Amino acid sequence: MNKTIRRAAAFTLLLVLSLLIRATWVQFYEGRALADDKENRRNAIALYANPLGNIIVAGDAITGSARTTGSDLEYKRTYKDGSLYAAVTGYSSQVYGATQLEGIYQKLLDGSDIKLKNPLDTLTNKRADPGDVVTTIDPAVQKAAYTALGDKKGAAVAIDPRTGKILAVVSTPSYDPTKISAGDSSVWKKLKSDPDKPLVNRALRQPLPPGSTFKLVVAAAALENGLYEDVDAKTDSPDPYVLPGTTTRLKNENASAPCENASIRVALQYSCNNVFGKMAVDLGQDEVRAMAEKFGFNDTEQDVPVRAYASVYPTGMNKSSTALTGIGQFDVTATPLQMAMVSAAIANDGKLVSPHMVSQTSDSDGTVLEDYDDNAETQEIVSSDTARQLQSAMRTVVEDGTGTNALIPGATVGGKTGTAQHGEKNSKTPYAWFTSYAKSDANDKEVAVAVMVEQSDAARSEVSGGGLAAPVAKAMMRAALKG
6 MNKTIRRAAA FTLLLVLSLL IRATWVQFYE GRALADDKEN RRNAIALYAN PLGNIIVAGD
66 AITGSARTTG SDLEYKRTYK DGSLYAAVTG YSSQVYGATQ LEGIYQKLLD GSDIKLKNPL
126 DTLTNKRADP GDVVTTIDPA VQKAAYTALG DKKGAAVAID PRTGKILAVV STPSYDPTKI
186 SAGDSSVWKK LKSDPDKPLV NRALRQPLPP GSTFKLVVAA AALENGLYED VDAKTDSPDP
246 YVLPGTTTRL KNENASAPCE NASIRVALQY SCNNVFGKMA VDLGQDEVRA MAEKFGFNDT
306 EQDVPVRAYA SVYPTGMNKS STALTGIGQF DVTATPLQMA MVSAAIANDG KLVSPHMVSQ
366 TSDSDGTVLE DYDDNAETQE IVSSDTARQL QSAMRTVVED GTGTNALIPG ATVGGKTGTA
426 QHGEKNSKTP YAWFTSYAKS DANDKEVAVA VMVEQSDAAR SEVSGGGLAA PVAKAMMRAA
486 LKG
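Going by the working numbering, the first residue of the sequence shown is number 6, and it counts up by one from there.
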């Protein structure tokens, strides 16, 4: 073999090796990236080639799948009472992806989850029959919240304090996910451009100033840190209270309320700003923050299993700003989920069971794959003595204070109202809040709720937690306590 032939053979061998290396790279590296690419049409074709598994509420499927016509996607997602459950399910769209439970459990619902496959399926990469997601949602509580909120812009959450099961998650205005499942661009554009933001889950993912409902957290910190012996001890609270380092007086909504040196019980009953503003300063921001974080504030990984936005208690404040946090203002923010957690922990004698809205996942035969009820963690937030004192004070709020609109015959109810100012110089309509718990006198049922009304048709002077949010909470609690 002459020199020229040897060089040609060597060059040809190098070309073959290069092609083999490139083919291997595409097959095992770029191929995986291409397969996972959201723009890869084959993924959508595979996803919607067969009916999806279902999301279950109280034994009934609230999702389904329907055959399409004139499309390479054989099925589209459908929803039963879609607007009612949109804050729970989210949507699964052929064009716009998947959110909420639809997104989190997409692989389980389309049959590609490894947990669904037997050894042969794994070997052949065969898609298994889809699984189902069983929620903790109580349809009666969900409907009560949705109906009571009506055309108001707001949100509500209900939790069973003893188990952590989320019984309702409602956000209004809502939307029907069926209308966007097939990728209707006109509906999608309308939803995206709507100033009321119906696609935003206000219950889990829109923290807002919680106003006076946050006073429960400050009261818990005061009792746990020994600032006051009990909820009936007189506090050191001048009225008016001047914010430290300023000439600004922290006013009370009711100028004639007995707020000077009021006890925690009376201060919650009349929602005395002077008491809790000074209390926050006396405790110091670090102690208030520590208690807030025990309840769940500043948790950036709050999964229920949908990732909730963190509720925030701020840092680096001066004393006047700390005083404002004592009444749930300044930079304090909370979701309805978070404030429901506060009431749930108090109602459960100081113990918070991890809130969750999925009870279990199962395969197509109904075999349980994961049981979230059995795996819910429990943390002690405050002592049982502190919790029971706060329960008592919250009952006073409902029986003799600002929360009488939440009274339920045949039940023990405790709550806290809140009206949070917002906008430059408080120029915008306040947010109305109510958080509460209820225990049936006839059975062993309990519930904790939080309601936030962001905007309604009520006149600004009529916006209050007791007036707007408490009736919604009452409807939810009544539904939850029925035998």
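Yeah, the Cβ is synthetic: ideal placement off N, Cα and C, and Gly gets one too. Values in this document were obtained by computation on a predicted structure and should not be read as measured data.
- Going by DSSP, Lys220 is part of no beta strand (DSSP E) but of the alpha helix (DSSP H) stretching over 220 to 229.
- Around the Cβ of Ala352, a 10 Å sphere holds 16 or more other Cβ atoms; the residue is buried.
- Straight through space, the alpha carbons of Ile164 and Asn230 are spaced by roughly 27 Å.
- Along the length of the stretch 403 to 446, whole beta strand (DSSP E) runs at least 3 residues long occupy 416 to 427, 433 to 445, reported in chain order.
- Minimum Cα-Cα distance from Gly282 among the listed residues Thr440, Leu221, Gln99, Gly420 corresponds to Leu221.
- Scanning Ala381, Asp137, Lys194, Gly471 for the CA closest to the CA of Asp405 turns up Gly471.
- As a beta-bridge residue in DSSP terms, Ser70 pairs with Arg82.
- In the DSSP assignment, Ile269 falls within the alpha helix (DSSP H) that extends over 269 to 274.
- Residue pairing by DSSP puts Val247 in a beta bridge opposite Arg254.
- Residue state for Ser326 is assigned as helix, using DSSP reduced to three classes.
- Excluding its 5 nearest sequence neighbours in each direction, Gln111 has C-beta neighbours in its own chain below 6 Å: Ala103, listed in chain order.
- Of the other Cβ atoms in all chains shown, 16 or more fall within 10 Å of the Cβ of Phe219; this residue is therefore buried.
- By the Cβ criterion, the stretch 370 to 384 is not in contact with the stretch 234 to 249, since fewer than three pairs of Cβ atoms, one from each stretch, lie closer than 8 Å.
- Thr338 carries a strand assignment under DSSP once its states are collapsed to helix, strand and coil.
- The Cβ-Cβ distance between Asn259 and Ser276 falls below 9 Å.
- Residue range 183 to 186 is occupied by the alpha helix (DSSP H) that includes Ile185.
- Each residue's CA atom was taken as its position, placing Leu342 and Gly64 some 24 Å apart.
- For the stretch 129 to 205, the full-length alpha helix (DSSP H) segments reaching 4 residues or more read 144 to 154, 183 to 186, 190 to 198 along the chain.
- Put simply, the backbone Cα of Pro360 is about 12 Å away from that of Arg312.
- When beta bridges are read from the DSSP output, Ala295 appears opposite no residue.
- Residue pairing by DSSP puts Ile61 in a beta bridge opposite Ala66, Val139.
- Distance between Ser325 and Ala285, taken at the CA atoms: about 10 Å.
- Proximity to Val247 across Ile269, Gln211, Ala328 peaks at Ala328, based on C-alpha coordinates.
- With a contact defined as Cβ atoms closer than 8 Å, Asp134 and Asn59 miss out at about 12 Å.
- With a 10 Å radius around the Cβ and a threshold of 16 neighbouring Cβ atoms, Ala14 comes out exposed.
- Contact check for Asn303 and Asn278: beta-carbon distance about 24 Å, past the 8 Å limit, so the pair fails to qualify.
- Excluding the 5 residues flanking it on each side, Ser367 has same chain C-beta neighbours closer than 7 Å at Gly136, Asp137, Val139, Val373, Leu374, in chain order.
- Take Tyr442, set aside five residues on each side of it, and the residues of its chain with a beta-carbon closer than 6 Å to its own are Ser348, Ala352, Gly419, Ala453, in chain order.
- Partner residues in a beta bridge of Val477, as assigned by DSSP, do not exist.
- Taking the C-beta atoms as reference points, Ser217 is found nearer than 9 Å to Lys421.
- A direct Cα-Cα distance of roughly 19 Å separates Ala398 from Ala474.
- Of the residues Gln460, Arg11, Val458, Lys450, the one whose Cα lies closest to the Cα of Met482 is Lys450.
- As a beta-bridge residue in DSSP terms, Asp376 pairs with Gln365.
- The beta carbon of Glu306 lies closer than 8 Å to those of Arg312 in the same chain, with the five residues before and after it left out.
- Around Thr424, the same chain offers Gly216, Ser217, Glu258, Pro435, Tyr436, Ala437, Trp438, Val468, Ser469, Gly470 as residues with beta carbons nearer than 8 Å, after the five sequence neighbours per side are excluded.
- Using a Cβ distance threshold of 9 Å, Val477 and Ala161 count as a contacting pair.
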